[in-house]
Every structure is written in C-alpha cells, then in structure tokens.
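Residue numbers (full-length UniProt numbering): 1 to 289.
Every residue gets a Cβ at the ideal spot worked out from N, C-alpha and C, and that includes glycine.
Keep in mind that this is a model prediction, so the values were computed, not measured.
Below: one structure, written as structure tokens.
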C-alpha cells in the first residue's frame, strides 16, 4: 500500500481515520500534527514529501467555519484552494495519489433531484466557493486523485450536530430546528472506512465522487431521530430557514447521488439511520465508561 500521509489529523475525519485504522489494523498511515504539516508551508511540505515519499495523501485539512468564511474569504481561500494547490502540485511531482475531501456546499441546492458528479456547481457561500476552487485546481496539477464530496458529517469525535443536539437536549426544554433544508447525514467513521477501502483496493478509478450515507432527511427529522434513539426528552419545533438567519446561505437541497462511488469504487454505503444508531451506541458506551 505504501506510506499514507494524513493532513488535518486532529480534525473530526482525521480522528475517525485513526480510529478505523486501529480497528482494522491498517499500518503505514502517518497522522501528522498541524505544527509540522501546514498545507500553506511549501518548504515544509516539500521536506515531508522528500522524507516520506508517500503513495497516498489524505487531505482532511480545511477551513470549515461556514459563517465566518463570509467575512474571512481570503483566509478560507488560502486554506481551501491554495493549500490544496500546494498538495496537488507535490502529489503530481511525486506520483502520489491525492484524496481530497470536498462538500455538498459546491451546489446551489435549488433543485429537488439527487445531485450527480456531472451536475452544475454554483456555490452560494464563501465556504462552498473556496472548496470548489480547491477541487478545480487539483485537476490542473495531477490526474491521480480522488475527490470525495460529502455532507453533514458527524461522529463520536470533535464537535458536530449530533453531539450538539445531545448536549442541548439535556439543557433545554425546547429546541427550534430547521426543517426546510434537506440532505443526508454522513457518519464520518463510514467515510473513513470508504477512504481506507479505496487505498487498500489500490483503485485506479481516479476522479470526482459523491459519498454520504444513504437516505434523505431534514435537519429537523435528523434531530428528532437523535432524540428518539438516545431517549432524550425535549420538545422540538420545526422552523423555516428564514426564521434562523445565518451569515452564510446553505443549500436547501443537497442530497447526493452515490451511484458512481458504488459502481466504480465498489463501496457499500450504510443508511444514515443505521449509522446514527451505531454512533449513539458508541457515545453511550463512552459515557458509561
């Protein structure tokens, strides 16, 4: 399999990759601390590539503060486009396969049909724009890449919607949650499993793919499922997006079609409800311990 360098190792997906690698006893992954693996530091990156000669690079590093990005466009662009460009250039020079994580935010979200990899992109936020720019720069510098667009990531690790809902459900009597944004939650452990499966299979089916869990839901229904499955008693009130204004505009419909990932990469993708049950069970076990 060769050496695999993981950038952004301390984030949610980086932690999930480390967890899955341990569970599956997968060796060869180097989880690089941000202090020595800054994707904006070209000299430092060059030294890392020379030292490790990686077969794969997994880039989990990103600017993901969606609302703050509206005021920090240039910072978001440096990380989400320029940092990716630095990695892609070095991957191209070393024959390294780049696995880049992208987002459903590259779409406007104005339709009502599952989005494919060939559908037009039209980001409506600074975050979505800079992630799309990162996607676009890769193809100009290397042809050995997998770009995986995902959505609504959650897990036992780091901060995310599931953990926030569990916390607020214990603290409040009522929660108002948006019902008119529709998409698919993705268990980051499942995404980590998919990434390692791609590497272990040594697939040469390079390109752009969509990966989220199966199924469709709204944020309101997702939260309701979290509370029901965890036995959390809290009143939930469905509200429209217009009743909860945010700096950045979110896609109203960002359900992604995963046919290409299943057929060309051979990935088996769990339903979001099954994965949510798994995550909640693991969180409950961790609390009990």
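{"Asked": "Where does residue 116 sit, in a helix, a strand or coil, going by DSSP?", "Found": "coil"}
{"Asked": "For the 8 Å Cβ check, are there 3 or more pairs between the region 76–85 and the region 172–192?", "Found": "no"}
{"Asked": "Looking only at DSSP bridge pairs, what is residue 59 linked to?", "Found": "7 and 100"}
{"Asked": "Give the secondary structure of residue 211 by DSSP, where H, G and I count as helix, E and B as strand, and everything else as coil.", "Found": "coil"}
{"Asked": "With a threshold of 8 Å on Cβ separation, who are the neighbours of residue 279 within its own chain once the five nearest residues in sequence on each side are excluded?", "Found": "154, 155, 156, 162, 187 and 189"}
{"Asked": "Are the CB atoms of residue 12 and residue 160 nearer to each other than 9 Å?", "Found": "yes"}
{"Asked": "Would residue 240 and residue 178 qualify as a contact pair, given that the criterion is a beta-carbon distance under 9 Å?", "Found": "yes"}
{"Asked": "Counting C-beta neighbours from all protein chains within 10 Å, is the total for residue 71 16 or more, i.e. buried, or is it exposed?", "Found": "exposed"}
{"Asked": "Which word fits residue 244, buried or exposed, when buried means at least 16 other C-beta atoms lie within 10 angstroms of its C-beta?", "Found": "exposed"}
{"Asked": "Can you grab the Cα-Cα spacing for the pair residue 91 / residue 170, in whole Å?", "Found": "46 Å"}
{"Asked": "Within its chain, find whatever has a CB closer than 6 Å to the CB of residue 21; leave out the 5 residues flanking it on each side and keep chain order.", "Found": "29"}
{"Asked": "Report all residues from its chain with a CB closer than 6 Å to the CB of residue 135; omit the five preceding and five following residues, and keep chain order.", "Found": "102 and 147"}
{"Asked": "Contact check, residue 130 vs residue 63 under 8 Å by CB: the rounded distance?", "Found": "7 Å"}
{"Asked": "Can the beta-carbon of residue 254 be found closer than 9 Å to that of residue 104?", "Found": "yes"}
{"Asked": "Using the rule of at least 16 other Cβ atoms within 10 Å of the residue's Cβ for burial, across every protein chain shown, is residue 196 buried or exposed?", "Found": "buried"}
{"Asked": "Tell me which same chain residues have a C-beta within less than 8 Å of the C-beta of residue 10, skipping the five on either side of it?", "Found": "33 and 34"}
{"Asked": "State the Cα-Cα distance for the pair residue 274 and residue 50, rounded to the nearest angstrom.", "Found": "42 Å"}
{"Asked": "Provide the residue(s) that pair with residue 217 in DSSP beta bridges, ordered along the chain.", "Found": "183"}
{"Asked": "Specify, as a first and last residue, the run of the beta strand (DSSP E) that residue 146 falls within.", "Found": "145–150"}
{"Asked": "Note down, in chain order, each residue of its chain lying with its Cβ closer than 7 Å to the Cβ of residue 114, except the 5 sequence neighbours on either side.", "Found": "255, 256 and 257"}
{"Asked": "Just confirm the distance between the C-beta atoms of residue 277 and residue 229, as a whole number of angstroms; I'd bet it's less than 8 Å.", "Found": "6 Å"}
{"Asked": "Looking at residue 117: is its Cβ nearer than 9 Å to the Cβ of residue 149?", "Found": "yes"}
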